[in-house]
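Novice: First, the structure itself, so that you have it in front of you.
Protein chains: 2
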Amino acid sequence: MRFILVDWGTTRFRGFLVEDGAITGRVSADEGVSALKGGDHPGVFRRHCGPWLEAYPDAPVALVGMVGSREGWTVAPYAPCPAGPADIARALIPVDLGGGRMGRIVPGAVCEVEPGAVDVMRGEETLALGAGVADGLVCLPGTHPKWVEMRGGRIHRFATYLTGEAYDLFRNHSMVGRPATEPEDPAGFDLGLDAAGRNAGEAEPVLRSAGIEAPRARRAGLLHLLFGARAATVTGRLPPAQLGPYLSGLLTGDEINGALSLFPAPEAMTIVAGSPRADLYVRALARRGIEARIKSPEEALIAGLGLILAQG
Amino acid sequence: MRFILVDWGTTRFRGFLVEDGAITGRVSADEGVSALKGGDHPGVFRRHCGPWLEAYPDAPVALVGMVGSREGWTVAPYAPCPAGPADIARALIPVDLGGGRMGRIVPGAVCEVEPGAVDVMRGEETLALGAGVADGLVCLPGTHPKWVEMRGGRIHRFATYLTGEAYDLFRNHSMVGRPATEPEDPAGFDLGLDAAGRNAGEAEPVLRSAGIEAPRARRAGLLHLLFGARAATVTGRLPPAQLGPYLSGLLTGDEINGALSLFPAPEAMTIVAGSPRADLYVRALARRGIEARIKSPEEALIAGLGLILAQG
């Protein structure tokens, strides 16, 4: 099977020619949807992928990501969870590529994480479906990491965390990150994970296994722990070179605190990310007794789209 | 008793002439310590308070706040908790005001909130001592709100939250706040408090009183709830005019989640703040079954300094 796939996000346009699951052509540009106006999209698409359209007149064309948002080409309404390949395939939205050719925009997904609490994704639904997990937990790190609970090969529900964006705000635009120095000392990451343990909501396993009962659930609050990073630096307890990685560990650790409360804690799970980010999650999850497998985002994207298009 | 008091923070210089606990003169300028260089301080002080120095040659002079930090006039090392008026009085740091006159800088306070976790304050120690609470909990809202546990008239320990600064970052500099519109609809604040309940760490009282056991502790994670504010807006569940107050309610509610976990939950407590901020805390605390009394920051400052200077 041959298809043309565009991963068209806020800041990047990435086109792939895929044949029998292997990438045989690729193109990339910084013409993300945030850089474009309404009406720009067909021209940008043809400029980058026109040669593939002509060479393979029968290849289906799929577009994934923010291209289906209000800021994109055409709105592809969110598919409600549970959402599997067949549900997503039924919700594909056609767009006119010109020259009598049609493309299809993959919709995002929407779910009620908890009663009354809604969450949305756009693009990650395809990666989650392609992560190779029929039943279990998948994490997709990034600016806005997604944790996805898969059941029977479908996205059952998911939760988004603001981790990456919050790191940038606190590290680079806040009083908290101001004392930080570079080059960074990566040892700060594990200390940040330790700090997140103060917000893990339960007595530390090490205390309990030693027969020491913590006086109450540990949930000092993320807003307190963030100020604590500064307090530790200005009192000389945390070297300024460790502050950046400390904030990363603290925020990643608190994301994991939340996700392991919302979702059934697994013995093993899958992380869809490249190095070094995936390795940091592997380390953080190992401390919680969870074995993490790593899946490449590009492989997950191609596999996920293959599953959707295979629905006919 | 007559004294001259300067509350000299990061952005403001505020001088008071105090006689028998009443303010009989005041001066204010935007010459906070962040706007000054080393060596500027005596001149700025004399320009604003010189007439009082001459009129009252015996009045003690005290300086409170960031003026005692590394960025200030002279470093006044943090007093360790527990810290009462006598402890603070012993740690006052003299500075030369010129003309043979000396002033004294009030030190901040440092404490170990939990084993291994340090916190600091500078300026709020004086307000906490003057809040009129010998034993109990005091909250000082602001850019970096402080929760202070008082025991026997001394600051026993305290915790700082990043609430005000985080609100500014997420409302004005993040993807989360981007859909927000003005004029704001204040009804969003209570909805934000509701959302914070998803991170309160325990089954909702209303569920428990109805005999319904929540499946597990509620701690979805603040980073998830922040993204949820955006998800609720883009899916049309939260009107854009409510988003700003919603973020304020969410962050304030999660500050309270954390503080009521760290400190013994009281039946009543004291909020040192003016309107409308104090009223929002009163409302948020009432939902947790806590009655809040309001104390004016200026009264607390004058009373606290009076207690410190009365130590001789």
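In order, the protein sequences belong to chains U and H.
Letter 146 of the first sequence, counting from 1, is numbered 152 in this note's numbering, and no numbers are missing.
Letter 140 of the second sequence, counting from 1, is numbered 146 in this note's numbering, and no numbers are missing.
For glycine and all other residues, C-beta sits at the position ideal for the given N, C-alpha and C.
1) Between which two residues does the beta strand (DSSP E) harbouring ILE300(U) extend?
2) Quick check on the DSSP output: the alpha helix (DSSP H) that includes SER254(H) runs from which residue to which?
3) Bridge partners for VAL33(H) per DSSP, in chain order?
4) Spell out the partners DSSP gives LEU11(U) in its beta bridges.
5) What residues in its chain sit with their C-beta under 7 Å from that of GLY227(H), if we drop five residues either side in the sequence?
6) Kindly confirm or deny that the region 75-87 of chain H and the region 17-37 of chain H touch, where touching means at least three C-beta pairs closer than 8 Å.
7) Under a CB-based cut-off of 7 Å, is TYR287(H) close to chain U?
8) Under the rule that 16 or more other beta-carbon atoms within 10 Å means buried, what is THR187(U), buried or exposed?
9) Going by the CB atoms, is the gap between PRO251(H) and GLU190(H) shorter than 7 Å?
10) GLU261(H) CB to nearest chain U CB: under 7 Å?
11) In chain H, which residues lie with their C-beta within 8 Å of the C-beta of THR241(U)?
12) For MET7(U), count the other beta carbons within 10 Å of its own beta carbon; 16 or more makes it buried, fewer makes it exposed. Which is it?
13) Which runs of the beta strand (DSSP E) spanning at least 3 residues fall entirely within the region 44-98 of chain U, listed in chain order?
14) What residue does the beta strand (DSSP E) around ALA115(H) start on, and which one ends it?
15) Report the three-state DSSP secondary structure of THR132(H) (helix, strand or coil).
16) What does a CB cutoff of less than 6 Å around SER40(H) pick up in its chain, not counting 5 residues either side in sequence?
17) Taking a Cβ distance cut-off of 8 Å, strictly less, list which residues of the region 168-188 of chain U are near chain H, in chain order.
18) For ILE94(H) and PHE51(H), I'd like the C-alpha separation in whole angstroms.
19) Consider the Cβ of THR80(H): report whether some Cβ of chain U lies at a distance smaller than 7 Å.
20) Please list the partners that GLU120(H) has in chain U, where partner means a Cβ-to-Cβ separation under 9 Å.
21) Run through chain H and tell me which residues come within less than 8 Å of ALA193(U), C-beta to C-beta.
22) Starting from ASP125(H), follow its DSSP beta bridges and name the residues at the other end.
23) What first and last residue would you give for the beta strand (DSSP E) that runs through VAL144(U)?
24) Could you check what DSSP says for GLY109(H) in three-state terms: helix, strand or coil?
25) For THR166(U), would you say it is in contact with chain H, using Cβ-to-Cβ distances shorter than 7 Å as the test?
26) On a CA-only basis, which of PRO185(U), THR132(U), VAL124(U) and GLU118(U) is nearest LEU11(U)? Give me that one, please.
27) What's the gap between the Cα of THR169(H) and the Cα of ALA309(H)?
28) With 7 Å as the threshold, decide whether the Cβ of ALA237(H) is near any Cβ in chain U.
29) Smallest Cα separation from VAL99(H): which of ARG110(H), PRO192(H) and ASP13(H)?
30) Would LEU244(U) count as contacting chain H if we go by Cβ distances under 7 Å?
31) Taking LEU143(U) and PRO303(U) to be in contact with their CB atoms under 8 Å, please state how far apart those CB atoms are, rounded to whole angstroms.
32) Using beta-carbon positions only, say whether THR241(H) and VAL124(U) come within less than 7 Å of one another.
33) Rounding to the nearest angstrom, what Cα-Cα distance links VAL73(H) and ALA61(H) in this structure?
34) Using a Cβ-Cβ cut-off of 7 Å, state whether THR17(U) counts as contacting chain H.
35) Using a Cβ-Cβ cut-off of 7 Å, state whether SER267(U) counts as contacting chain H.
36) Please state whether DSSP places THR149(H) in a helix, a strand or coil.
Specialist: Looking at the atomic coordinates:
1) The continuous beta strand (DSSP E) containing ILE300(U) extends over residues 297-301.
2) Residue range 246-268 is occupied by the alpha helix (DSSP H) that includes SER254(H).
3) Paired residue(s): GLY21(H).
4) Per DSSP, the beta-bridge partners of LEU11(U) are PHE22(U) and ALA68(U).
5) So the qualifying residues of the chain are ASN205.
6) Judged by Cβ distances under 8 Å, the region 75-87 of chain H makes no contact with the region 17-37 of chain H, as fewer than three pairs qualify.
7) No, its Cβ sits nowhere closer than 7 Å to a Cβ of chain U.
8) Classification of THR187(U): exposed, given that the 10 Å Cβ count is below 16.
9) Cβ atoms of GLU190(H) and PRO251(H): closer than 7 Å.
10) GLU261(H) counts as touching chain U.
11) The contacting residues are TYR84, VAL116, VAL124 and VAL126.
12) The residue in question, MET7(U), is exposed, as its Cβ has fewer than 16 Cβ neighbours within 10 Å.
13) Counting whole runs of 3 or more residues, the region 44-98 of chain U contains the beta strand (DSSP E) stretches 67-70.
14) Element bounds for ALA115(H): 115-120.
15) In this structure, THR132(H) counts as helix in the three-state DSSP scheme.
16) These residues qualify, in order along the chain: THR16.
17) Listed by position, the residues of the region 168-188 of chain U near chain H (Cβ gap below 8 Å) are LEU168, THR169, GLU171, ALA172, LEU175, PHE176, HIS179, SER180, MET181 and VAL182.
18) When rounded, the distance between both Cα atoms is 22 Å.
19) Taking Cβ atoms only, chain U never reaches closer than 7 Å to THR80(H), which makes this a no.
20) ARG204, ARG224 and ALA226, listed in chain order.
21) Within chain H, no residue comes near ALA193(U); the closest Cβ sits about 16 Å away, beyond 8 Å.
22) Beta-bridge annotation (DSSP): ASP125(H) is paired with CYS117(H).
23) 142-146 is the span of the beta strand (DSSP E), which, as asked, contains VAL144(U).
24) When DSSP states are grouped into helix, strand and coil, GLY109(H) belongs to the strand group.
25) Answer yes: the Cβ-Cβ gap between THR166(U) and chain H drops below 7 Å somewhere.
26) Closest in alpha carbon position to LEU11(U), among PRO185(U), THR132(U), VAL124(U) and GLU118(U), is THR132(U).
27) Pairing THR169(H) with ALA309(H), the inter-Cα distance amounts to about 26 Å.
28) For ALA237(H), the nearest beta carbon of chain U is closer than 7 Å to its own beta carbon.
29) Position check: residue 99(H) holds Ile in this sequence, whereas Val was assumed. For the residues ARG110(H), PRO192(H) and ASP13(H), the minimum Cα distance to ILE99(H) belongs to ARG110(H).
30) LEU244(U) does not count as touching chain H.
31) The beta-carbon distance between LEU143(U) and PRO303(U), rounded to whole angstroms, is 17 Å. This is too long to meet the 8 Å contact definition.
32) Less than 7 Å separates the beta-carbon of THR241(H) from that of VAL124(U).
33) The C-alpha of VAL73(H) lies about 24 Å from the C-alpha of ALA61(H).
34) No, its Cβ sits nowhere closer than 7 Å to a Cβ of chain H.
35) Yes, its Cβ sits closer than 7 Å to a Cβ of chain H.
36) In the structure shown, THR149(H) sits in coil (DSSP, three-state: anything other than H, G, I, E or B).
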